[in-house]
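Let me begin by presenting the structure, written as structure tokens, before commenting on it.
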Amino acid sequence: MSQIDLYFQQAQEAFLVFKTLENDKKSAFLEEMASQIDAVRNQLVPTAARESHLPEGRITGELGRTLGQIKLFAKLIAEGSWVEAVIDHADPERSPLPKPDIRRMLRPLGPVVVFGASNFPLAFSTAGGDTVSALAAGCPVIYKAHPAHPETSRMVAEAIRTAVRLSKLPKGVFQHVEGGAETGQELAAHPLAKAVAFTGSFRGGKALFDTANRREVPIPVYAEMGSVNPIFAFEKRLDNQMEALAGAYVSSLSLGVGQFCTNPGLIFIPQSAEANFSAAVASLLEEVVSAPMLHEGIAKSYYTSLENLKSSNKLEWLKTATASELLTGNAAFAKVQAADWLDDDDFQEEVFGPFGIMVVYKDGGELEQIALQLKGQLTCTVWAEEAELEDNQGFLNLLEEKCGRLLFKGVPTGVEVGYAMQHGGPYPSTTDSRSTSVGTHAIKRFVRPVAYQDMPGKFLPDALKEANPLGIWRTVDGSWMK
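Be aware that the sequence shown starts at 1, since it is given in full-length UniProt numbering, and climbs by one per residue.
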């Protein structure tokens, strides 16, 4: 038996115990997990900063987000209504056939493979949203560490293992694996894996998706694979807020050296405002202080992408960037006419770093063509006054089909962790636009509905028992009630 076989065997054995754990105990386990991670913050923050080249202030904020989302899921589990319990009572007198008693709820899938992300060493990694949402669902996690921050991952993994032990749970509830791409493929292909969660490149996510679909028993792969998160600006909004919007765009583009999945790599500007907006952005970009990127591979890929784009004679470069020193990510900005953008799919490809393309459009008709051709995105942002929104309902209707989150204020960077967040979009931004990797609905990725027909009451899960011992909200004979 290989080590990976052993991990999965332990995970499967743990699943049979973990899936039946009472809500209060599972919630307490998540709270303990947050406490154990918080207890090592003094060692964790500098370690993560050193390995990721991110400032300690950013890591401290990310730690707060990580702990916050763990506690959010602990609260969700303690309340319990997320299981979507539905009860249809029997009617033995119904004619011509009696109606059976049917009760339905969400149940956990089984062992889940989670891959860590390079750009969030805490919030999208070892104890990040994928891990905590899978654990909250009742699924053991086999976590594949990202090689960019191994010490950080080991430290968090040990904190989780401590929480597992203190909560008196089987050790197979959480397991930590290190290795390269081959290890990742082996994990995704293992017959005991029931789902995969991934945040990273299109190439990596698509490879896992293909592996999962070649299996004898295919499994879901929830891969977030990147996005250019376009901003669509309208004339009146720009006239009213030109300076503020240019500043917001540059801040968003350069935030974290552009290494966010919600980085606005495209911005669409009307022809009438192009000169003023491009001048403002180019000036502000000159003031952006360069900083190290996450690791050498990302920096190399960033500058290679820029060099490839420079071969196009359709782009006009308003600010160029060259690698001044190892790891440093210098901002770059180019513009293209909408007609040329529509002719070249390369302008829709994500460049992971502080680079943006300004697309100059003529009118609403051209915008609708753009919306039709736009690939799937995590986010789309619209900067428009109400009258402009009223005049462009057709465009907005099209745009909704191309993203998971549609913004009308601010910029796409900054993803709120809460009950209503949708962080996922149509392919190729993710492999499943029906799911989210941020917010409480992330738990729905790792469950499936099970219906119990005419099951004796005392054997039913508590969520479906007639007396509602959990006190949760349920749909009973078509009515939503407690």
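Where a beta carbon is used, it is the ideal one built from N, C-alpha and C, also for glycine.
Where does residue i fall in DSSP's three states?
i, result
"LYS339", "At residue 339 the sequence reads Ala, which differs from the Lys that was named. Three-state result, ALA339: helix."
"GLN43", "helix"
"SER133", "helix"
"TRP82", "helix"
"LYS26", "helix"
"GLY329", "strand"
"PRO108", "strand"
"GLY404", "strand"
"TYR427", "coil"
"GLU93", "coil"
"THR440", "helix"
"PHE352", "coil"
"PHE232", "strand"
"PRO147", "coil"
"ASP344", "coil"
"PHE395", "helix"
"THR60", "helix"
"VAL217", "coil"
"ALA323", "coil"
"ASN276", "helix"
"LYS158", "According to the sequence as given, residue 158 is Glu; it is not Lys. Note: GLU158 maps to helix in three-state DSSP."
"SER153", "helix"
"ALA463", "helix"
"residue 485", "Absent from the structure is residue 485, since the part of the chain shown begins at 1 and ends at 482."
"ASP432", "coil"
"LEU389", "helix"
"LEU21", "coil"
Following the continuous beta strand (DSSP E) through residue i, name the residue where it begins and the one where it ends.
i, result
"GLN241", "Element bounds for GLN241: not the beta strand (DSSP E) but the alpha helix (DSSP H), 235-254."
"PRO264", "Where PRO264 is concerned, there is no enclosing beta strand (DSSP E), given that its DSSP letter is neither H nor E."
"VAL114", "112-115"
"ARG448", "447-453"
"PRO98", "Element bounds for PRO98: n/a, residue is neither H nor E."
"PHE377", "A small fix is needed here, since residue 377 is Gln in this sequence, not Phe. 377-383 is the extent of the beta strand (DSSP E) around GLN377."
Considering residue i, what are the terminal residues of the alpha helix (DSSP H) in which it resides?
i, result
"GLU287", "Per DSSP, GLU287 belongs to no alpha helix (DSSP H) and is neither H nor E."
"ILE4", "3-18"
"PHE209", "202-214"
"GLU316", "Counting along the chain, GLU316 falls outside any alpha helix (DSSP H), though it belongs to the beta strand (DSSP E) covering 316-319."
"TYR303", "296-309"
"GLU416", "Segment: none, GLU416 is in no alpha helix (DSSP H) and carries neither H nor E."
"THR183", "181-189"
"LEU122", "Element bounds for LEU122: n/a, residue is neither H nor E."
"GLY364", "364-373"
Less than 7 Å between the beta carbons of residue i and residue j, yes or no?
i, j, result
"MET306", "ALA323", "The sequence shown places Leu at residue 306, not Met. Cβ distance not < 7 Å, so LEU306 and ALA323 don't count as in contact."
"GLY424", "SER435", "yes"
"PRO140", "ALA14", "yes"
"GLY129", "SER437", "yes"
"VAL336", "VAL359", "yes"
"PRO191", "CYS380", "no"
"ALA189", "GLU235", "no"
"LEU30", "PHE446", "no"
"ILE4", "GLU186", "yes"
"ILE219", "ALA181", "no"
"TYR7", "ILE160", "no"
"ASP38", "LEU67", "yes"
"GLY80", "ILE472", "yes"
"PRO354", "SER278", "no"
"LYS26", "ILE77", "yes"
"PRO100", "ASP454", "yes"
"SER133", "ALA442", "yes"
"PRO111", "ALA48", "no"
"ALA163", "GLN36", "yes"
"LEU284", "VAL228", "no"
With which residues is residue i paired in a DSSP beta bridge?
i, result
"ILE357", "LEU266, ALA334"
"ALA197", "VAL114, TYR222"
"MET481", "ARG474"
"ILE142", "VAL113, GLN175"
"ASP88", "ILE102"
"LYS71", "According to DSSP, which records beta bridges pairwise, LYS71 is partnered with nothing at all."
"PRO292", "THR328"
Notebook entry, point to check: Hey, is the region 412-429 in contact with the region 374-387, meaning 3+ C-beta pairs nearer than 8 Å?
Noted result: With a cut-off of 8 Å, the region 374-387 and the region 412-429 count as touching, because enough Cβ pairs lie within range.
Check whether the region 311-328 and the region 383-401 are in contact - that is, three or more C-beta pairs closer than 8 Å.
By the Cβ test, the region 311-328 is not in contact with the region 383-401, since fewer than three Cβ pairs between them sit closer than 8 Å.
Exercise for the section: Decide yes or no for the touch test of the region 287-297 against the region 38-53: beta carbon pairs closer than 8 Å, at least 3 of them. Expected result: By the Cβ rule, the region 287-297 counts as touching the region 38-53, because three or more pairs are nearer than 8 Å.
Checklist entry - Any chance the region 91-111 sits against the region 407-416, with 3 or more Cβ pairs inside 8 Å? => result Too few Cβ pairs lie closer than 8 Å, so no.
Flag this pair as touching only if the region 260-271 and the region 294-303 have three or more C-beta atom pairs under 8 Å; answer yes or no. When C-beta atoms of the region 260-271 are compared with those of the region 294-303, fewer than three pairs fall below 8 Å, so the two segments do not count as touching.
Review point. Counting pairs of Cβ atoms below 8 Å between the region 444-462 and the region 144-157, do you hit three or more?
Key: No: the two stretches stay apart, fewer than three of their Cβ pairs being nearer than 8 Å.
>> Under 8 Å: do the region 185-203 and the region 121-137 share three or more Cβ pairs, one atom per stretch?
In response: Under the three-pair Cβ rule at 8 Å, the region 185-203 counts as touching the region 121-137.
At least 3 beta-carbon pairs within less than 8 Å: the region 54-71 vs the region 116-124:
The region 116-124 and the region 54-71 touch, with three or more beta-carbon pairs separated by less than 8 Å.
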